[in-house]
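Below: the structure, in structure tokens.
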Amino acid sequence: MGNHSFSLKNRFPEPELMSDQSQVDAYAKADFSSAHSDLILNLKNRIPRGFQPKRILDLGSGPGDMAFRLAELFPNSNFTFIDGSMPMIAACREYFESKYSGMERFSFLCERIQNFVPIQPYDLVFSNSLLHHVDDPFEFWACIQRSMDENTFVFVSDLLRPISSATAEAIVERYANGEPQILKEDFFNSLLAAYTKEEVDEHLTRTRLQSKLICEQTSDRHWVCFSKPSRM
């Protein structure tokens with residue numbers, strides 16, 4: 004973060020993989036309970052009544068807290084957790100091992116989503132805060148398309164790029180004021196690397212997913228993209 008404000012008409016990409024151990028450790032120790040609880044509630048409000056997915060894919064699972072909340076929401080489902088960072092997927096596995104005595108329904112893959120080719124479609128494809136890390140956003144949406152069929156429910160959430168760096172700094176101070184500096188700087192950089200809702204809408208149009216998915220802004224810093232109710 005700096006002292007000069009500038010417009011964010013264009014995004015400022017950040018490294019695709021979060022592989023620095025100190026950064027991974029900071030994320031693993033951070034308290035994201037409020038944001039993650041809100042996201043789970045948002046998902047519950049979007050999925051069809053009685054939806055019981057057998058196979059769930061979590062793209063960019065991170066250090067485990069969000070993945071664990073997803074697993075608790077669907078206690079009878081089998082999960083595939085993917086992250087391109089070895090330290091991150093190792094942290095996720097370690098988190099689950101601290102919570103569960105049996106790990107049979109969980110698979111942890113260290114793999115870039117650009118290389119992931121599923122054997123069969125998943126019933127639920129979930130991703131939180133991954134898109135802004137991917138160099139080419141259409142590789143992200145291509146992975147979504149490879150992992151779904153007409154019956155798959157898709158739920159994607161990510162940060163929303165603000166209009167200026169000053170607005171980004173204000174958001175960081177509002178929501179991460181008490182966090183370590185490494186997290187505050189990463190949050191700021193992630194906001195600059197994020198996409199606007201209009202850009203996500205353009206992604207859906209260009210990938211011909213606009214007939215299947217809808218994008219909505221949910222806060223001053225988040226959007227969600229999910230399967231249209233009429234499809235289920």
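In short: position in the sequence shown from 1, add 3, done, that's the numbering used here.
Built from N, CA and C at the ideal position, the CB exists for glycine as well.
Fair warning: this is a prediction, and the values are worked out from it, not measured in the lab.
Please determine, among the options, the residue with the shortest C-alpha to C-alpha distance to residue i.
i	options	result
L60	A29, A171, E114	E114
I85	Y103, S101, F109	F109
M91	W226, S37, S22	S22
L76	Y178, E100, N45	N45
D68	P78, G87, K32	K32
K231	V159, A179, A70	V159
C236	A171, I166, F156	Residue 236 lies beyond the stretch modelled for the chain, which goes from 4 to 235, so this question has no answer here.
F190	V203, C146, H225, L212	H225
A94	R58, Q24, Y125, Y103	Q24
E107	Q117, I122, T83	T83
V27	S104, F111, L186, L207	L186
S64	K47, I116, K102, R52	I116
I43	S101, R209, S130	S130
K57	E100, Q123, L195, L112	Q123
R209	A173, P140, Y178	P140
A169	P51, G87, L195	L195
Among all the DSSP beta bridges, which residues are the ones paired with residue i?
i	result
V128	L60, V157
I need the DSSP call for residue i, collapsed to helix, strand or coil.
i	result
M235	For M235, the predicted structure reports a pLDDT of 43, less than 50, and the residue's modelled location is therefore unreliable. The matter cannot be settled from this model.
Q184	helix
D138	coil
Q24	helix
D68	helix
L133	coil
E219	strand
V227	strand
D189	helix
T210	coil
T199	coil
S80	coil
L112	strand
D86	strand
L194	helix
L162	strand
S249	The question about residue 249 has no answer here: the residues shown for the chain are numbered 4 through 235.
S167	strand
S101	helix
For residue i, which residues from the same chain have a beta carbon less than 7 angstroms from its beta carbon, with the 5 sequence-adjacent residues on both sides left out?
i	result
S193	E17, H135, L162
R96	F111
F71	Y98, F99, K102
Please go through the same chain and pick out, in chain order, the residues whose beta-carbon is closer than 8 angstroms to the beta-carbon of residue i, but skip the five residues on each side of it.
i	result
R234	For R234, the predicted model reports a pLDDT of 47, less than 50, meaning its position is unreliable; a value from the coordinates is still stated below. Counting only Cβ-Cβ distances below 8 angstroms, and skipping sequence neighbours, we find E153, K215.
Q55	F77, N79, S80
I166	S10, L11
S1	Because residue 1 is not part of the residues shown, which for the chain are 4 to 235, the question remains open.
Compute the beta-carbon to beta-carbon distance between residue i and residue j, rounded to the nearest angstrom, for a pair I have assumed lies under 8 angstroms.
i	j	result
V128	I147	6 angstroms
Y125	M89	Y125 to M89, Cβ: 23 angstroms. No contact.
R49	A197	Actually they do not touch by this definition, with Cβ atoms about 21 angstroms apart.
P183	A38	The Cβ separation is near 17 angstroms, so there is no contact.
For residue i, I'd like the list of residues in its chain whose CB is within less than 6 angstroms of its CB, leaving aside the five on either flank, ordered along the chain.
i	result
D138	E19
L212	none
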